[in-house]
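A.B. asks: Dumping the structure here so I can ask a few things about it.
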Ligand code: R5P
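In our numbering, the protein residues as written are 2 to 310.
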């Protein structure tokens, strides 16, 4: 029983396999000179991919990750159907159909923030991508999806899993916060879970996004004077949300401010920007990033076990 991955997600897949009592098998995945993707189930992986169940770990980020995920699911489906016919005449051309049994684990689900039609004429991107992916698998586990409601009523079961327990453990041992802050209403459930697990104070801010690089928080009195605070969010992109929240905390006397998130996108100089606003940044490895100190694998393992039961 294998956990397979292309190049995106291989670290998570390698850590996930032993948690599921499965074997990690890396599939072939590379780019043509023009940037288009190529994937293949190598001959030595065919037997493993035809066993049941198979878990594919793959991100839908960046855009090339979406294409790779679709192609990997398709390649796996052909191998499982026994359709191995190829122009070079390599190996057996046809085998028995071993049926379904493919589960997709998505550490970072790209396009998750386009989860509503904010203006007329827009695509609800988060839904569109899931509708394409569900055709090639029997269930999907997604780590800290921005807004799970967007994937209600899909044709395959979806397990929404969270790395907040692992993030709480890391914060407790490395930071020992007195106070956890959610930087906007959307992160309240996740951040309050962390505060509950650490058993410390909790509050949230109300955020208005003016544009991709500008956000504003409604002023609020926070009981943080002399305290160590951890800001917890599902993702950090430009870092603007965290930097503004940290400014508000410092103005109110917080002595130390840390940021923690599941998905460290860290776009356009975010690491540098954050360094001048917070004392530490802690992320999972759902995406490879320089602040990845928490494994995304245990949370995905929890969801996959439920899916495969
Ligand atoms: C949005 O609601 C998310 O939960 C994050 O707060 C947001 O995506 C962070 O973006 P940035 O780091 O660019 O402020």
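C-beta atoms are modelled at their ideal positions from N, C-alpha and C, and glycine is treated no differently.
Here the structure is a predicted model, which is why all the values come from computation and not from measurement.
Consult DSSP for residue 167 and reduce its assignment to one of helix, strand or coil.
C.D. replies: helix
A.B. asks: Leaving out five residues before and five after residue 169 in sequence, what residues of the same chain have Cβ atoms less than 7 Å from its Cβ?
C.D. replies: Counting only Cβ-Cβ distances below 7 Å, and skipping sequence neighbours, we find 195, 198 and 199.
A.B. asks: Using the Cα positions of residue 103 and residue 231, report the straight-line distance between them to the nearest angstrom.
C.D. replies: 38 Å
A.B. asks: Can you pull the DSSP bridge partners for residue 214?
C.D. replies: Bridge partners of residue 214: none, in fact.
A.B. asks: Report the residue from 137, 31 and 45 whose alpha carbon sits nearest the alpha carbon of residue 77.
C.D. replies: Of the candidates 137, 31 and 45, the one whose C-alpha sits nearest the C-alpha of residue 77 is 137.
A.B. asks: Please report the straight-line C-alpha distance between residue 3 and residue 124, rounded to a whole angstrom.
C.D. replies: 35 Å
A.B. asks: Less than 8 Å between the CB atoms is what I'm expecting for residue 109 and residue 264, so what's the real figure, rounded?
C.D. replies: 5 Å
A.B. asks: Between residue 147 and the ligand R5P, is the CB less than 8 Å from at least one heavy atom?
C.D. replies: Answer for residue 147: yes, Cβ within range of the ligand R5P.
A.B. asks: Relative to the C-alpha of residue 159, which residue among 306, 10, 71 and 9 is closest?
C.D. replies: 306
A.B. asks: How many Å lie between residue 284 and residue 206 at the Cα?
C.D. replies: 21 Å
A.B. asks: Please classify residue 241: is it buried, with 16 or more other beta-carbons within 10 angstroms of its beta-carbon, or exposed?
C.D. replies: buried
A.B. asks: Quick one: Cα of residue 60 to Cα of residue 298, how far?
C.D. replies: 13 Å
A.B. asks: Does the region 113–121 come close enough to the region 18–30 to have 3 or more Cβ pairs within less than 8 Å?
C.D. replies: Contact between the region 113–121 and the region 18–30 is absent, because fewer than three Cβ pairs lie under 8 Å.
A.B. asks: Quick check on DSSP: helix, strand or coil for residue 59?
C.D. replies: coil
A.B. asks: What does the alpha-carbon distance come out to for the pair residue 269 and residue 256?
C.D. replies: 27 Å
A.B. asks: So, with DSSP's three-state summary, where would you put residue 269?
C.D. replies: coil
A.B. asks: Taking 8 Å as the cut-off, is the CB of residue 241 close to at least one heavy atom of the ligand R5P?
C.D. replies: At a cut-off of 8 Å, the beta-carbon of residue 241 counts as near the ligand R5P: some heavy atom of the ligand is closer than that.
A.B. asks: Could you tell me which whole beta strand (DSSP E) segments of length 3 or greater appear in the region 273–303?
C.D. replies: 281–285 and 293–295
A.B. asks: Residue 143: beta carbon under 8 Å from a heavy atom of the ligand R5P?
C.D. replies: Not a single heavy atom of the ligand R5P lies less than 8 Å from the C-beta of residue 143.
A.B. asks: When the distance is taken between beta carbons, is residue 70 closer than 9 Å to residue 126?
C.D. replies: no
A.B. asks: Considering only heavy atoms of the ligand R5P, does any lie closer than 8 Å to the CB of residue 114?
C.D. replies: Indeed, a heavy atom of the ligand R5P lies less than 8 Å from the Cβ.
A.B. asks: What ranges does the beta strand (DSSP E) occupy inside the region 140–186, keeping only unbroken runs of at least 3 residues that lie completely in it?
C.D. replies: 140–144, 159–162 and 180–183
A.B. asks: Helix, strand or coil: which one does DSSP assign to residue 191?
C.D. replies: helix
A.B. asks: Hey, could you find the ends of the beta strand (DSSP E) residue 38 is sitting in?
C.D. replies: 38–41
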